[in-house]
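Undergrad:
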Amino acid sequence: MRLIDLDMLRKAGWPTWPCFPSVMHRSLRLNIAAGFFGMFWICAPLGAPLPLLMQAVEASSTQLGLLSAAWQAAMLAQIPAALFVERFSRRKPMWVTVTTLHRILWAAPAVVPWLWPNERSWWPVALIVALSLSNLLANLGTASWLSWMADIVPVDRAGRFWAVRQSVLSIGLVLGTAWYGWLMDRYSSGESVLGFQWVFALCSVFGILDIVVHSFVHEPPMEKAAESAPVLRRLAAPFETPGFLKLTLLMAFWTCSQSLVGYTLAMPGFFGMVHLRETFGASYSQASLIFISAALGGAFFSRILGPWMDRAGAVAVMTRLAVLTPLSMMAWWCASPGSVQIAGQAWPVAVVWMTVAASVQGALCTGALLCQFRLAQMFTSGSGRTVAMAVHWSIAGVGGAVGGIGGGWLKDVLQRGGYLCGSWHAFDVLVLLSVLLSWGAVVPLCRKLALPTEAETCGVT
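Here it is as structure tokens:
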């Protein structure tokens, strides 16, 4: 059996021998290089800088949850964008345009305090509006990128590719998080947000550099869906594949459970970062350590996960991760007050404990994210893939939005209403709900999920 089907490649628009290997490998290397620069962008919104900035400008937990939910709810924009882009043979032009605008808007936290220095009470609202618009623009291009990647990543090596990619990207996450943590501690103190301004200016620049590098990745011509097919028919087509609905609901519940504790795209942030700073007095750099630890855990585990996923199957791996991840989240219940001396400096015990625990949490959550990438590829086909990806990730995003808004609202209610007893904090309740949702909904759906045969794979023809 040939490792590479040349006829399939020709139909997909790929160059064939002898130039194919160099073009494919160059594109995959460029994808990884672009993603490395992108990590210097993504560690600002998903890591410590954004939640701690919102805390510094006195945003409420509800506002923090709203911002987290806006990230997830914006995924609904993928559906109209996918319907629009499938009218053309290429995805790259639209993707480059909307994502560049999206990354430019991430300079808003650097610009807003400079433009309106005396209107501090309005900063949270201005930031939520600007960054929500940015997330909307991002999702106008997300389905295009996902279907583009599904077309160029070799199916038989997809698990290994995503694992290697994640390992390299994790290095960028660690470097960016450490750098930004130092900037925040160095330049943001008291009422000053100068450190945050530096962080978000840099994250915007690196985010644009990510787009520039990725624009050189080869894009095979897109297999278009039938133009005569009604919109509702195209939206319903993915659900004709047995298991697509189960997979989508599974990931919606999973995303909801993760966003309850502030995890987005497998990385800790939002509620967890604020909890460390509010409850245990962690500095900006110390709170950033759990993000660095999670990134390192994801990097090491992904090298094991790729071959494991290719060998055992993404469904089996996802089932095990859905059982184990909630156990790792229970480590938050063991975080206790107090400090310990490390290298002559006082460190909160909770930071030390959660830095260790975050490596396991990051590894398991990263594994689940890579499984989702792999399963979404397996449950979609070339014809109508962009719309199918949009439908899947949009519904999963709605789950995340529910978790973000619900978590922020519940945290405010518990803190203000005096409903907490003993040594429990509002965040501990969110962890409990996350565990119950994972084991009560995600695990049963994983066990019922069966891969489709090639003849059953969805598509509008």
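This note's numbering puts the first residue of the sequence shown at 11, with every later residue one more than the last. We put the beta carbon where it would ideally sit given N, CA and C, even for glycine. A quick note: this is a predicted structure, and the numbers were derived from the prediction, not measured.
Please return the same chain residues whose Cβ sits closer than 7 Å to the Cβ of Arg313, not counting the five positions on each side in sequence.
TA: One-based indexing of the sequence shown puts residue 313 at position 303. The residues are Ala173, Ser177.
Undergrad: Check Pro230 in the structure and name its three-state DSSP category.
TA: Your numbering for residue 230 matches position 220 in the sequence shown. If DSSP states are grouped into helix, strand and coil, Pro230 belongs with coil.
Undergrad: Roughly how far, in whole angstroms, is the beta-carbon of Arg395 from the beta-carbon of Ser157, given that I think they are within contact range, below 8 Å?
TA: Here the question's residue 395 lines up with position 385 in the sequence shown. Here the question's residue 157 lines up with position 147 in the sequence shown. Indeed they touch by this definition, with Cβ atoms about 4 Å apart.
Undergrad: Taking C-alpha atoms, which residue in Val223, Ser180, Pro347, Ala460 lies nearest to Phe311?
TA: Locating residue 311 in the sequence shown gives position 301, counting from the first residue. It is Ser180.
Undergrad: So what does DSSP say about Ala168, is it helix, strand or coil?
TA: For this step, residue 168 is matched to residue 158 along the sequence shown. Looking at Ala168 - three-state DSSP - the assignment turns out to be helix.
Undergrad: I'd like the ranges of any alpha helix (DSSP H) spanning at least 4 consecutive residues and lying wholly in the stretch 422-450.
TA: Whole alpha helix (DSSP H) segments, 4+ residues: 436-447.
Undergrad: Check each candidate in Pro248, Gly48, Phe98, Met283 and name the one with the smallest Cα separation from Pro230.
TA: Here the question's residue 230 lines up with position 220 in the sequence shown. If we check each option's Cα against that of Pro230, Phe98 comes out closest.
Undergrad: I'd like the span of the beta strand (DSSP E) that includes Trp343, first residue to last.
TA: Along the sequence shown, one-based indexing puts residue 343 at 333. Taken as a continuous stretch (DSSP letters only), Trp343 belongs to no beta strand (DSSP E), as it is neither H nor E.
Undergrad: Among Met49, Arg101, Phe389, Thr258, which residue has its Cα nearest to the Cα of Trp482?
TA: No information on residue 482 is available, as it lies outside the stretch 11 to 471 that the chain covers here.
Undergrad: Residues bridged to Gln88 by DSSP?
TA: For the purposes of this step, residue 88 is taken as residue 78 along the sequence shown, with counting starting at 1. According to DSSP, which records beta bridges pairwise, Gln88 is partnered with nothing at all.
Undergrad: Using three-state DSSP, classify Val350 as helix, strand or coil.
TA: Working through the sequence shown from its first residue, we reach residue 350 at position 340. If DSSP states are grouped into helix, strand and coil, Val350 belongs with the strands.
Undergrad: Scan the stretch 125-183 and note each continuous alpha helix (DSSP H) run of 4 residues or more that stays entirely inside, going in chain order.
TA: 133-162, all fully within the stretch 125-183.
Undergrad: Here's the rule: buried if 16 or more other CB atoms are within 10 angstroms of the residue's CB, otherwise exposed. What is Leu63?
TA: Numbered from its first residue, the sequence shown carries residue 63 at position 53. By the neighbour-count rule (16 or more Cβ atoms within 10 Å), Leu63 is buried.
Undergrad: Alpha carbon to alpha carbon, how far is Leu446 from Ala406?
TA: Here the question's residue 446 lines up with position 436 in the sequence shown. Here the question's residue 406 lines up with position 396 in the sequence shown. Straight-line Cα distance between these residues: approximately 18 Å.
Undergrad: Is the stretch 129-143 close to the stretch 73-93, with three or more CB pairs under 8 Å?
TA: Yes, the stretch 129-143 touches the stretch 73-93.
Undergrad: Just the C-alpha distance for Ala58 and Asn41, rounded to the nearest angstrom, thanks.
TA: Against the sequence shown, residue 58 aligns to sequence position 48. Against the sequence shown, residue 41 aligns to sequence position 31. Taking the straight line from one Cα to the other gives about 26 Å.
Undergrad: Under 8 Å, with one C-beta from each stretch per pair, do the stretch 349-362 and the stretch 372-379 reach the 3-pair mark?
TA: With the cut-off at 8 Å, the stretch 349-362 and the stretch 372-379 do not touch.
Undergrad: The ligand COA and Leu306: does any heavy atom of the ligand fall closer than 7 Å to the residue's C-beta?
TA: As for the ligand COA, it is missing from this structure, which has no ligand bound.
Undergrad: Kindly indicate which residue of Pro61, Val163, Ala117 has the alpha-carbon position closest to the one of Ser37.
TA: As a position in the sequence shown, residue 37 is number 27, starting the count at 1. The option with the nearest alpha carbon to Ser37 is Val163.
Undergrad: Apply the 10 Å Cβ neighbour rule to Leu146 and answer buried if 16 or more other Cβ atoms are within range, or exposed otherwise.
TA: As a working note, residue 146 is residue 136 in the sequence shown. Leu146 is buried by the Cβ-count criterion.
Undergrad: Pro454 lies in the alpha helix (DSSP H); which residues open and close that run?
TA: As a first step, residue 454 must be located in the sequence shown, where it is residue number 444. Segment 453-458, the alpha helix (DSSP H) holding Pro454.
Undergrad: Closer than 6 Å by C-beta to Asn149: which residues in its own chain qualify, once you throw out the five before and the five after it? Chain order, please.
TA: Residue 149 sits at position 139 when you count from the first residue of the sequence shown. The residues are Ala84, Met85, Ala87, Gln88.
Undergrad: I'd like the span of the beta strand (DSSP E) that includes Ala356, first residue to last.
TA: In the sequence shown, counting from the first residue as 1, residue 356 sits at position 346. Counting along the chain, the beta strand (DSSP E) containing Ala356 begins and ends at 355-358.
Undergrad: Residues in the same chain with beta-carbon distance under 8 Å from Ser338, minus the five sequence neighbours each way, listed in chain order, please.
TA: Position 328 of the sequence shown, counted from the first residue, corresponds to residue 338. For Ser338, where only same-chain residues beyond five positions count, the Cβ hits under 8 Å are Ala367, Val370, Gln371, Leu374.
Undergrad: Mind checking Gly428: buried by the 16 CB within 10 Å criterion, or exposed?
TA: Start at 1 with the first residue of the sequence shown, and residue 428 comes out as number 418. Exposed is the call here.
Undergrad: Count the other CB atoms within 10 Å of the CB of Ala322; is the residue buried (16 or more) or exposed (fewer)?
TA: Indexing the sequence shown from 1 puts residue 322 at position 312. Exposed is the call here.
Undergrad: Taking the DSSP output, what are the residues bridged to Met277?
TA: The residue labelled residue 277 in the question sits at position 267 within the sequence shown. Met277 pairs with Thr274.
Undergrad: Where does Ala378 land, buried or exposed, given buried means 16+ other C-beta within 10 angstroms?
TA: Translated into positions along the sequence shown, residue 378 becomes position 368. That one is buried.
Undergrad: Nearest by alpha-carbon distance to Ala153: which of Leu331, Val108, Pro55 is it?
TA: As a first step, residue 153 is located in the sequence shown; it is residue number 143 there, counting from the start. Ranking the options by Cα distance to Ala153, first place goes to Val108.
Undergrad: Around the Cβ of Gln351, are there at least 16 other Cβ atoms within 10 angstroms (buried) or fewer (exposed)?
TA: Start at 1 with the first residue of the sequence shown, and residue 351 comes out as number 341. Exposed: under 16 other Cβ atoms inside 10 Å.
Undergrad: Applying the 10 Å Cβ sphere with the 16-neighbour rule, what's the burial state of Leu60?
TA: Here residue 60 refers to the residue found at position 50 when the sequence shown is read from its first residue. Label assigned to Leu60: buried.
Undergrad: So the candidates are Ala460, Arg39, Val453; which of them puts its Cα closest to the Cα of Ser225?
TA: Start at 1 with the first residue of the sequence shown, and residue 225 comes out as number 215. The candidate whose alpha carbon is nearest that of Ser225 is Arg39.
Undergrad: Count the other C-beta atoms from every protein chain shown that fall within 10 angstroms of the C-beta of Gly418, then say buried if there are 16 or more, exposed otherwise.
TA: Translated into the one-based positions of the sequence shown, residue 418 becomes position 408. It is buried - the Cβ of Gly418 has at least 16 other Cβ atoms within 10 Å.
Undergrad: Pair every Cβ in the stretch 295-310 with every Cβ in the stretch 433-446, then say whether three or more of these pairs are closer than 8 Å.
TA: They do not touch, by the three-pair rule.
Undergrad: Which term fits Leu420, buried or exposed, when burial requires 16 or more other beta carbons within 10 angstroms of its beta carbon?
TA: Counted from its first residue, the sequence shown places residue 420 at position 410. Result: buried.
Undergrad: For Ile415 and Phe389, I'd like the C-alpha separation in whole angstroms.
TA: The count along the sequence shown starts at 1 and reaches residue 415 at position 405. The count along the sequence shown starts at 1 and reaches residue 389 at position 379. Between Ile415 and Phe389, the C-alpha separation is close to 29 Å.
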